[in-house]
Every structure is written in structure tokens, then in C-alpha cells.
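Structure first, then comments.
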Amino acid sequence: MSVLQRLQPYPGLRVLISGGAAGIGEVLAAAYLEAGAQVHVCDVSEPALAAFRDKYPGTVATRADVSDAAQIEAVFRVQREQFGGLDVLVNNAGIAGPTGGIDVISDAEWQATININLTAQYRFAHYAVPMLKQSSYGHLLHIASVAGRLGYAWRTPYAATKWAIVGLMKSLASELGESDIRVNALLPGIVEGPRMDGVIRARAEQVGVPESQMRQAYLDKISLKRMVTAEDVAAMALFLCSPAARNVTGQAISVDGNVEYL
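Going by our numbering, the sequence shown runs without a break in its numbering and finishes at 252.
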């Protein structure tokens, strides 16, 4: 196999993506489908799931609220029934959480962010690992954030979960290595799209400046002076599922144009 051939993902991978019907999750799903994978997504939004099924006929799309342990377990029943196993889990589901000082963020907002961004990743890994141990290509990919390597004022619940995801990944890479399961995390930076637009808008309102000024302030933090795209993240995800990455594990890989600070 040539080096160029090694850059292609293993064929026919069975891939489960949480939060996969819209946003970065949908782009990840489309990329895996293009690579010939068998893709199963779950998502909490019925409209997003309906649109996903229309756009990608033949895929499996399951409704699941990832803050509910029973619904996550049900996703894995579907995975076993429909695919007979699992090769790649993309632990993607998450929310932006509140924007505000630690003295005004409510306990409910904090707990919701922890439950969806972190506890759900534990639960998905909990159910996925026995299936990944039966795979010849087992890979557990956590989607974190550049906020998992930098401090992020006014977004403490979000940043706390993303740092924790990196710790979870590092620990699982050590734990699962002898089972030949690779574990990595992607740390997207400032990603173009509606979620980032909402974050910028909320921060601009909080400090009382025009949204355009706040958007430029975000770009000024990036060495390359541009946002990344969901496709940039998906390309790295595909690489990590290729023979070229067979010895890449335990890594927190930033896809961010080098965000210098937040």
C-alpha cells in the first residue's frame, strides 16, 4: 500500500456520530458517507433528523436526548441491530452553554452543560467500548474545542467540559491501547456557522459593542486570521480513520488556524 493509499479511510467503517444531524456533525457524517462508511447518527432535533434523512437516504438516524442515559443505551441497541457492530464512535454532541460571569451563571445552566457536553461522552464511550473491542479498526474520536487548551472567560461551563474531554480521551487512550483501540480528540477553533454567530452575538451584547467589532476581535486572536470550516474538521476526522493514522492515539489535535488566546 502506497503512502497516498494509506491516507484513505478503511473501507466500510461502521460509524456512529452523536449530534450528527446538523452542524459539524452533519458535515462529519457526509464526509464519512463519501468515504464509503456506514453511518448512523443520533440527534435530539426531529426537524434536523427529518432533513438529514431526506438529504442522505439509506442512512440510519435515531432521535436521542444525550442528557438521558436510557436514550443513549437505546441508540446502541439500534447500532447492534442495524449494523451488527461498531468501528468508529464520534462523540460529537454538545451545546455552547451560557455566556456570563461565574457569579451569574445558574446551577441549572452549569449542570445542563456538564450533562450534555461531558457526561454524555462518558456514556457513549461506556456503551461503545465493548463493541469497539470486537472491531479490527476501533477508534473513539472525541470532539472537544480549542477551549480545551485555553482559558475562556465568560464561558466557564463550556471550557470546563472541553478540558475534561481531553482528560477523558488521554485516560481512555492509555486504558484501551492494549485492546488496539485508538482514542483521540479534535479541538476545533472558531468554526464558521450559526453556533459561532450566536456566540459572537451574545458576547457583543454582553459587553455592549457592535457584532461586527466582536467578530473582528475573534479573528484577531487567530494566527491565520480566518475561521475554520466544518469541512476542515471532517478532513482531519477522516485522516484519523485511515491506515496512515494507525499509530496516532492519545492526541488532542487542534484544527483552529492557531487560536492564540480566547
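Ideal Cβ placement from N, Cα and C applies to all residues, glycine included.
For N174, the three-state secondary structure derived from DSSP is strand. When rounded, the separation of the alpha-carbon atoms in G84 and Q(-5) is 33 Å.
Assigned with DSSP and collapsed to three states, D44 falls in helix. According to the DSSP assignment, D97 belongs to the alpha helix (DSSP H) that extends over 97 to 104. In the structure shown, the three-state DSSP call for S232 is coil. Cβ contact annotation for I7 (same chain, cutoff 6 Å, sequence separation greater than five): G15, L18, A19, V31, V80, N82, in chain order. Nearest to L176 by C-alpha distance, out of L108, V189, M159, E165, is M159.
Under the 10 Å beta carbon count, M217 is surrounded by 16 or more other beta carbons and is classified as buried. When secondary structure is reduced to three states using DSSP, T109 falls in the helix class. Around the Cβ of D33, a 10 Å sphere holds 16 or more other Cβ atoms; the residue is buried. Distance from the CA atom of I243 to the CA atom of R185, rounded to whole angstroms, is 21 Å.
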